[in-house]
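Numbering (my numbering), first residue to last: -19 to 340. Glycine is no exception: its CB is placed at the ideal position from the N, C-alpha and C atoms. See structure below.
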């Protein structure tokens, strides 16, 4: 039985949610993280915080040696990622670590999924429906594509590797994109046709190229609505099978007014609704730590909906509207109130509202 876990972290908002899911199974957890993850030390579920001296995107064999020593000193049984940077680190260096790691996509598979342009190209090869996507080296290339496109088409422009809505902008017909492009500091630029419709997400857990667990949901007014979406799961299975990958893959897609599906991007890591999904009945941390990975697992059954922190705060002003599920979620938050106060302050900031995104 696993006793002690070490969570790798390069921030604290998403990472805290993964910490809570881990603590539900294993109790308090050690954290090895960058300065940006420092607030995790204030959580009552962080057994001890171990500071890395640089951001996770720079981690290499030096951190491998530190982690191997730490695992011996603290008798760690398993190492988990909590974000894109630490998942990428484990995909590159996991084989060098002295303890088992949570399943993650390895090597090129991680890059094919995490890079928005490479993911679109992968979908095209596999005949998974995806919007028309261009990888542009500079604004001049963007302007040329826009000039050649039909006038009524709208586009989204975004970086290849950021998260949430950071750097994402929409270009509407008739607008002058030059002023917008002048404000974008990242290169290259991903230019993607905008798809009218609703956002939705399908999350899968895979081992050996086989999807073992999946849930789909939509976020409406702060409430997560779970549903079964067979088409998105089928496309997800095709991608997982082609890459023969492991781990958690989070597929964001659009559902058009006609009901058609268009895959937008993939985040091969834990995601921002992971703790609400756990409270609804599906703990994806548990799936990665299970010993029976090759068994025939049943379909995930979750509650139809669950309110997030913002929706729950609104309901507190009308307490007669609170359900038993709301009270259970509220108790979950109140077990570690300082961390949620820190996150609330971040959410209310301008930077936090932008980084929060629409699909997480």
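Touching or not, the stretch 163 to 176 and the stretch 110 to 127, by the rule of three or more beta carbon pairs under 8 Å?
A contact exists between the stretch 163 to 176 and the stretch 110 to 127.
Whole-Å CB distance - residue 185 paired with residue 82, under 8 Å assumed
With 8 Å as the limit, residue 185 and residue 82 do not qualify as a contact, their Cβ atoms being about 10 Å apart.
Relative to the alpha-carbon of residue 28, which residue among 298, 142, 239 and 7 has its alpha-carbon at the smallest distance?
Nearest C-alpha to residue 28: 7.
Measuring straight from C-alpha to C-alpha, what distance separates residue 125 and residue 67?
Residue 125 and residue 67: Cα-Cα distance of roughly 34 Å.
Three-state class that DSSP yields for residue 91 in the structure shown:
Helix at residue 91.
To which residues does DSSP link residue 97 through a beta bridge?
DSSP output for residue 97 lists no bridge partner at all.
Can you give me the C-alpha to C-alpha distance between residue 359 and residue 9, rounded to a whole angstrom?
In the structure as shown, the chain begins at -19 and stops at 340. Residue 359 is therefore absent and cannot be evaluated.
Here's the rule: buried if 16 or more other CB atoms are within 10 angstroms of the residue's CB, otherwise exposed. What is residue 52?
So residue 52 ends up on the exposed side.
Looking at the secondary structure, which residues open and close the beta strand (DSSP E) in which residue 264 lies?
Careful: residue 264 lies outside any beta strand (DSSP E), inside the alpha helix (DSSP H) at 264 to 269.
Which residue wins for smallest C-alpha separation from residue 215, given the options 157, 100, 286 and 12?
Here the closest residue by C-alpha is 100.
C-beta contact flag for residue 260 and residue 283 at 8 Å
Between residue 260 and residue 283, the CB-CB gap stays under 8 Å.
What residue does the alpha helix (DSSP H) around residue 9 start on, and which one ends it?
Taken as a continuous stretch (DSSP letters only), residue 9 belongs to no alpha helix (DSSP H), being part of the beta strand (DSSP E) at 9 to 13.
Taking the C-alpha atoms as reference points, what is the distance between residue 320 and residue 173?
In a straight line, the C-alpha of residue 320 is about 37 Å away from that of residue 173.
State the start and end residues of the unbroken beta strand (DSSP E) segment that holds residue 132.
Counting along the chain, residue 132 falls outside any beta strand (DSSP E), and DSSP gives it neither H nor E.
For residue 215, which three-state DSSP category applies?
Helix at residue 215.
Does DSSP classify residue 142 as helix, strand or coil?
Coil, per DSSP.
Reduced DSSP secondary structure (H/G/I, E/B, other) of residue 40
Secondary structure at residue 40: coil, using DSSP grouped into helix, strand and coil.
Straight-line gap, residue 322 to residue 128 (C-alpha atoms, nearest Å)
When rounded, the distance between both Cα atoms is 47 Å.
Residue 111 and residue 175 look like a contact to me (Cβ under 8 Å); what is the Cβ gap, rounded to whole Å?
About 5 Å separates the CB atoms of residue 111 and residue 175; that is less than 8 Å, so the two are in contact.
Can you tell me where the alpha helix (DSSP H) with residue 255 in it begins and where it stops?
Residues 254 to 260.
Would you mind sorting residue -9 into buried or exposed? The rule is 16 or more other CB atoms within 10 Å of its CB.
Classification of residue -9: buried, given that the 10 Å Cβ count is 16 or more.
If the criterion is Cβ atoms closer than 8 Å, does the pair residue 190 and residue 109 meet it?
Taking C-beta atoms as the reference points, residue 190 and residue 109 fail to come closer than 8 Å.
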